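Chains as they are written, first to last, in this note's numbering: chain A, 1 to 330; chain B, 1 to 635; chain C, 1 to 200.
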């Protein structure tokens, strides 16, 4: 790891190491793979065109000139050549339009997706709703979506405040979350893994720190995860976590956050029922560890300036206990 | 005065020296501050406009360096998110509204009357007014920025982020009202250009003898007239939503957040061509001069200009491909967006053909044109890429798009503009820019530009979104970002050298002759810089290249010399129709602009400003249009 | 108007113009609003140290509040944050959109404990008799000041320039920046709560 000037980068942020891949050139989902093929085709065609034009430009300005410039035959030939070039342009453009059209048809939202998840954009985190299915009741989580591998997942995209854009480039192209509308997106992972994405539509102060993790796992693992998430929070056993829970309920925390199974039922911030099981906190800002939880709770406005979590005055003991409690919420 | 009397003060009655003395007495702006503030000379206003626009370019460039400083490292803390958002918003707004559009129009203000052979632009007082409005709008934005109250909602100001609920304070209002200032001034200039080109061309300059630069400005002006009202409606609706609580963009009360995007991009996409088409004209002019032959395919070029102008209005939805519109409709816009590559391609092919057939002389302006072709073709091809819906869903709002539009706008407009400045500098100032420095400027800007912006394509494909003030260290972007930031220094050095050269040459450059490049358009047939009356005798145009041996055929028109008088000609054939008086200097346009400024800024705070603020505007207009008791025109 | 009059007026006109530009700059200067996204913990703690009269009505804010430039009354960002807190912390349940309900109205011109910031802050922080709960354990002191600034704003009879504008949802009354209290007052009385007097 490279040396980090301590003044410039908070050590907590620099120490985090959680990243799934986030690249359109590393596709692992059917839509993203279709698009990558299209990208490769178009880029190759365009590169060839550019090289040809540059070749002609180079010849035009550097060629030896023994012929008189106003030669009428040359003028007529120019007309032919330019007309041919324009005709070629038309043909290429038409071809690309058709190719694009066919790819568009391959990435539409299917009618019968195996799973439908509602993603609601908030400044600056993702609220996620899983509907009840079979024995598993519906539940809410944040900033982390789990999907079964190899199945079509239909995301319903909504927003409660401003326009956001859901973009996990390794799985699919992006789609905006527009207040007052519900958009759809097909998500599908071909192999297990963690795929990172982040908000792609400028949404205010912390647009930069609004990441989402998509965890694709085998169907059995997914079912297990969903069953665990739908349950209430674990009751803390360790003494520091027990103390942390009491502080959590007494301090402003519980006014904004929900921990299912306790009296905390605020709806302003993310649901924390199973925060300890998520890979990251604060929308992909840092990896979930006791240390990063403490750093985040102690001073959210330094790590993510302008976000809506206030800096709650806590003693260091209180802070330790609360982060222990948070970490225990697996 | 009887007709018999004024026969004696027609321009046909004097020898050359006496005529020039008398014309100068009639047309020259009086010296001093007051003269400077009341002048309506299109050359003085044009120079002022160009200078101001380049000042804004330099300021906007400084902002981009600040952004590159912040982005050079992950999680850097030089600039916080609040300030960064103001910086990129001001950078974009400034470059689009205060630099790119005004500077193109400014070149037209200066050059079009000279190129069509008339003595002043149409509606010269409106011209003065438009400059003051532009200046006021620019000051509004920059003063607000300096005071930490700059707009922070992006140059596109999407609602609801820019709407009443999420944009606290007056920052977004300042953005919206600045739009009004620059649009008023842009519309005013567009009207002047259209009228100048249609009604004030020198006798004999029929439509097929109009220089390509003038054609491009004519098409551009029509685009301005058709596109800008959309953004004025949008920004006014935004201010109404924010100030008096209307619901244009509130989905809960029947408004729609996407309505904003439609209105904005219905303007925003033609805006690109408003910036690019003048550059097409500049490139055509430079290519013709430095290959020693007319541009190949004049008719094709004019048709391509018009086709681009028409198609420009059918593309706006490609900025909204991921907003959730019906896919079938989007495919239509894919087709139209790709189709615009055809006229653009035709133009490129015509220039290549011209260079092929001609004998290129490698002076700095032509270097910039060559750089333009290299870069703009990349920008055009990436434009074809983002026109494809699936492709766009991956690169929309990423650094790929940042790279794309800088290739289009810097490559497609700033390179030709710099070439045009090198080309027309002698006509603007009477002095030449330094040729050796010019080559360095070109080299640095060309290299710096490509090193800075090409890697952004890769960053975008590798997942880096736009408008982020920082990124996390685990993302694989820091190496390229550092490289880009370092390259930006090279680019900035090029521009710095250009500014130094321009300032130094304007003071102490080599004196320019009337026609240093051996060009064939009319502006080169008058001294450098031109006298206040432009042409002692109006030219008679007999072909596309009206200059023969650095002179033109003088027309015997008989314009009066004791008052400012222009020749009005017919639209198609440019046959003389009438003599018309041209307004004298006046302080009232400045007053009208000040009164409008007060009313517009006040109206951010209170809707009553529209009522009370209109009173000073009315007074200023009464002063402006006070009858002079002279006949307007004579057939 | 003769040309001579114009001539004599010209220097005055020019000077006036320059003056106007300076005024415009001054106006914007008055607007200057740097955003404080992270209040220093000592400064935040100091905000808790205001002094209240014995009857719980009126008092003096801490000195630091003036040093900061009274940010919670005049700063658009803080007021808009206050507006968010108003709905996030359930104020509408009792006070509705400001016109009251179970709790008193903020728009009827009556301030049971006075319109000073410290009174409002104290009401939110410590609660008041007849059902106003204390929020000292639910909100940080900075949030309480933001919320108090907002509450004071909706009841103000002179609309503040910095006041928030309408929300992007169903609007039941004029937005804060239009001075809802004045408009409502002009429309006549709406259920004043005389039963909830200032005495405990």
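Where a beta carbon is used, it is the ideal one built from N, C-alpha and C, also for glycine.
Everything numeric in this text was worked out from a predicted model, so none of it was measured.
The Cβ atoms of residue 62 of chain C and residue 81 of chain C do not sit closer than 8 angstroms to each other.
Among the residues facing chain B, residue 43 of chain C is not included, as its CB has no counterpart in that chain under 8 angstroms away. Between the C-alpha atoms of residue 166 of chain B and residue 177 of chain C there is a straight-line separation of about 14 angstroms. Within the same chain, and ignoring the five residues on either side of residue 129 of chain B in sequence, the residues whose Cβ sits closer than 6 angstroms to its Cβ are 589, 592 and 593. In the DSSP assignment, residue 157 of chain A is bridged to A:119 and A:183. For residue 232 of chain A, the closest Cβ of chain B is not nearer than 8 angstroms. For residue 195 of chain A, the pairing in a beta bridge is given by DSSP as A:21 and A:214. At least one CB atom of chain C sits nearer than 8 angstroms to the CB of residue 302 of chain A.
Secondary structure of residue 42 of chain C (DSSP, three-state): helix. Chain C places no beta carbon closer than 8 angstroms to that of residue 214 of chain A, leaving this residue out of the contacts.
A Cβ-Cβ distance of about 5 angstroms is found for the pair residue 285 of chain A and residue 209 of chain A, placing them in contact under the 8 angstroms criterion. Per DSSP, the continuous alpha helix (DSSP H) segment holding residue 86 of chain B begins and ends at 81-93.
Bridge pairing for residue 140 of chain A: A:129 [DSSP]. For residue 569 of chain B, the secondary structure class from DSSP, reduced to helix, strand or coil, is strand. Take residue 509 of chain B, set aside five residues on each side of it, and the residues of its chain with a beta-carbon closer than 6 angstroms to its own are 431 and 432, in chain order.
The alpha-carbon separation between residue 166 of chain A and residue 520 of chain B amounts to approximately 56 angstroms.
Residue 313 of chain A and residue 119 of chain A have their C-alpha atoms roughly 32 angstroms apart. Within a 10 Å sphere around the beta-carbon of residue 102 of chain C sit fewer than 16 other beta-carbons, which makes this residue exposed.
One thing to note: residue 260 of chain B has its Cβ no nearer than 8 angstroms to the Cβ of residue 134 of chain B. The three-state reading of DSSP puts residue 132 of chain C in strand, counting E and B together. Judged by beta-carbon spacing, residue 179 of chain C lies within the 8 angstroms limit of residue 159 of chain C, meaning their Cβ atoms are closer than that value. What residue 183 of chain A touches in chain B, judged by beta-carbon distance under 9 angstroms, is 322, 323 and 324, going in chain order.
Within 9 angstroms of the CB of residue 305 of chain A, the CB atoms of chain C belong to 37 and 38, in sequence order along the chain. If the five residues before and after residue 287 of chain B are omitted, its C-beta is found closer than 7 angstroms to the C-beta atoms of 295, 351, 354, 355 and 369, all from its own chain and listed in chain order. Assignment of residue 560 of chain B by DSSP, reduced to helix, strand and coil, places it in the strand class. Assignment of residue 577 of chain B by DSSP, reduced to helix, strand and coil, places it in the strand class. Beyond the five residues adjoining it in sequence on each side, residue 24 of chain B comes within less than 8 angstroms, by CB distance, of 531, 532 and 533 in the same chain, given in chain order. Ranked by Cα distance from residue 241 of chain B, the options B:131, B:514 and B:255 are led by B:255.
Annotation: residue 97 of chain A to residue 379 of chain B spans about 18 angstroms, alpha carbon to alpha carbon. Within the DSSP bridge table, the entry for residue 164 of chain A names A:177 as partners. Flagged as an interface residue toward chain C: residue 253 of chain B, by a C-beta distance shorter than 8 angstroms.
Per the C-alpha coordinates, the member of A:211, A:297 and A:150 positioned closest to residue 193 of chain A is A:150.
A direct Cα-Cα distance of roughly 6 angstroms separates residue 174 of chain A from residue 394 of chain B. Look at the segment 167-186 of chain C: the residues with a C-beta under 9 angstroms from a C-beta of chain B are 167, 168, 169, 170, 171, 174, 175, 177 and 178.
Among the CB atoms of chain C, none fall inside 8 angstroms of the CB of residue 259 of chain A. In chain order, 334, 335 and 338 make up the part of chain B whose C-beta sits under 7 angstroms from the C-beta of residue 97 of chain A.
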